[in-house]
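*Asks:* Please find one structure pasted underneath; my questions will follow.
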Amino acid sequence: MNNFNEIINSLDFELDELKQVKKNIYLNNREMQILKMYDIDFQNCVDMNDLLFKIDNVLNDLYDNSDIEDLEWVSSSISERNYYMNTNK
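Here is the structure:
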């Protein structure tokens, strides 16, 4: 039980808390940190599709770099969120 409490206390729930950045853009702190690290200006995007386009451009430019897993994760996360939030079902 002691290890469980240590794990819970070490988690940073604010990193994964979803925030509305603009009217049609929702990101968590972890995603924002990674986007800033790659100089992707998410605050000037019109919507999540625009943001995904910018991320894809950076991914294409950095394709030879093997250390882009974090940005690929962000792209996947935003893409999934965009699908569930903006697709008519």
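Each residue of the sequence shown is one higher than the last, beginning at 665 in this note's numbering.
Virtual Cβ for every residue (Gly too), placed ideally from N, Cα, C.
Could you tell me how far apart the beta carbons of I742 and L715 are, in whole angstroms, since I believe they sit closer than 8 angstroms?
*Replies:* The pair is a contact, with the Cβ atoms about 6 angstroms apart (cut-off 8 angstroms).
*Asks:* Going by C-alpha distance, which of L726, N667, M712 is nearest N750?
*Replies:* Checked all of L726, N667, M712; the closest Cα to N750 is M712.
*Asks:* By the DSSP assignment, the alpha helix (DSSP H) with Q697 in it spans what residues?
*Replies:* First-last of the alpha helix (DSSP H) with Q697: 693-701.
*Asks:* Is DSSP giving L735 helix, strand or coil here?
*Replies:* The answer is helix: DSSP assigns L735 an H, G or I state.
*Asks:* My understanding is that K700 touches Y690, with C-beta atoms under 8 angstroms, so please give their C-beta distance in whole angstroms.
*Replies:* At roughly 16 angstroms, the Cβ-Cβ gap does not stay under 8 angstroms, so K700 and Y690 are not in contact.
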